[in-house]
Amino acid sequence: MGAKLALRAALVAILLVSGCTAQPETGPPAAAFTGTDVMYLQMGITQIAEGSSITALATERATDPRLKALAAELQAQWQEELAQMQRWLLGWSQPLTAPSTSHEGHGSLHMLRPSDIAELRSSPDFDRTAVSLLLGHLGNVVETARMETTSGAYPPARHLAETVTARRQSQIQTLLTLPATP
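Counting with full-length UniProt numbering, you get residues 1 to 182 for the letters of the sequence shown.
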């Protein structure tokens with residue numbers, strides 16, 4: 001009987017040493033997110049949808065090849081940015097869009113209206129109208145990203161906002177070299 005007890009004790013000791021017990025996770029804790037992070041991502045998704053309505057038309061109708069190229073560049077970048085924004089929000093169990101009244105107090109950020117897109121479609125000077133709309137839109141995107149870089153808490157979202165700011169500022173500089181509104 002003593003041999004059986006010693007054998008059991010040895011087996012228990014081996015199991016304990018070999019790691020068969022629950023181990024705490026050794027990875028870093030997940031970074032916390034705040035309402036600012038959620039708001040930035042939700043607004044970013046909305047802004048990408050709005051901007052895409054301009055760039056989709058510009059890739060087809062623009063006569064200036066620089067405007068066509070910029071529109072295609074924006075579409076590719078927005079696709080990548082949109083996928084990341086959606087992953088984070090879904091991972092946090094947050095809605096992809098906020099109620100339309102959620103962002104009423106956020107200053108003078110102008111949302112594109114259906115009438116803006118209708119004007120673009122019917123404009124006799126498509127390129128000028130597209131440049132004008134994109135300048136305003138990308139300026140708003142930069143302002144939204146700045147909100148995240150100054151007040152957001154989730155480091156990857158802040159990094160995305162910094163990347164978005166640099167990209168959009170460069171694209172604004174390119175747009176300023178193209179024909180704009182008279």
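Beta carbons: idealized from backbone N, C-alpha and C, even for Gly.
Tell me which residues share the same chain as Gly51 and place their Cβ nearer than 8 angstroms to its Cβ, disregarding the 5 neighbours each side in the sequence. Closer than 8 angstroms at Cβ, skipping near neighbours: Leu74, Trp78, Leu112, Leu134, His137, Leu138, Val141.
For Leu152, does the count of other Cβ atoms within 10 angstroms reach 16, so buried, or fall short, so exposed? It is Gly, not Leu, that sits at residue 152 in the sequence shown. Buried: at least 16 other Cβ atoms inside 10 Å.
By DSSP, does Ala153 sit in helix, in strand, or in coil? Note: Ala153 maps to coil in three-state DSSP.
If we ignore side chains and look at the alpha-carbon of each, how far apart do Leu161 and Thr149 end up? Sequence inspection shows Ala at residue 161; the Leu mentioned does not correspond to that position. A direct Cα-to-Cα measurement between Ala161 and Thr149 gives close to 6 angstroms.
Can you tell me which of Arg87, Ala72, Leu41, Phe33 puts its alpha carbon nearest to the alpha carbon of Arg146? Leu41
With distances taken between CB atoms, is the gap from Ala58 to Ala130 smaller than 7 angstroms? yes
Asp125 classed as buried or exposed, judged by whether at least 16 other C-beta atoms fall within 10 angstroms: The Cβ neighbour count for Asp125, taken over all protein chains shown within 10 Å, is under 16; the residue is labelled exposed.
Whole angstroms is fine: what's the gap from Pro179's alpha carbon to Met43's? 29 angstroms
Check whether the Cβ atoms of Ala62 and Asp127 lie closer than 7 angstroms to each other. yes
Out of curiosity, what's the CA-to-CA distance linking Thr55 and Thr34? 31 angstroms
Relative to the alpha-carbon of Ala157, which residue among Leu176, Ala72, Arg121, Arg87 has its alpha-carbon at the smallest distance? Arg87
Once the 5 residues before and after Met85 are set aside, which same chain residues still bring their CB inside 7 angstroms of it? Excluding residues within five positions, the ones whose Cβ falls inside 7 angstroms are Leu41, Gly44, Ile45.
Using a Cβ cut-off of 7 angstroms (strictly closer), state whether Leu96 contacts chain B. The chain inventory of the structure shown lacks chain B, comprising one protein chain alone.
Where Leu176 falls, given that 16 or more other Cβ within 10 Å makes a residue buried: The C-beta of Leu176 has fewer than 16 other C-beta atoms within 10 Å across all chains shown, which makes the residue exposed.
Candidates Glu81, Ser93, Ser122, of which the one nearest Val164 by Cα: Looking from the CA of Val164, the closest CA among Glu81, Ser93, Ser122 belongs to Glu81.
Out of Thr174, Ala166, Tyr154, which has the shortest C-alpha to C-alpha gap to Trp92? Proximity to Trp92 across Thr174, Ala166, Tyr154 peaks at Tyr154, based on C-alpha coordinates.
Between the C-alpha atoms of Ser53 and Ser170, what's the straight-line distance to the nearest angstrom? 20 angstroms
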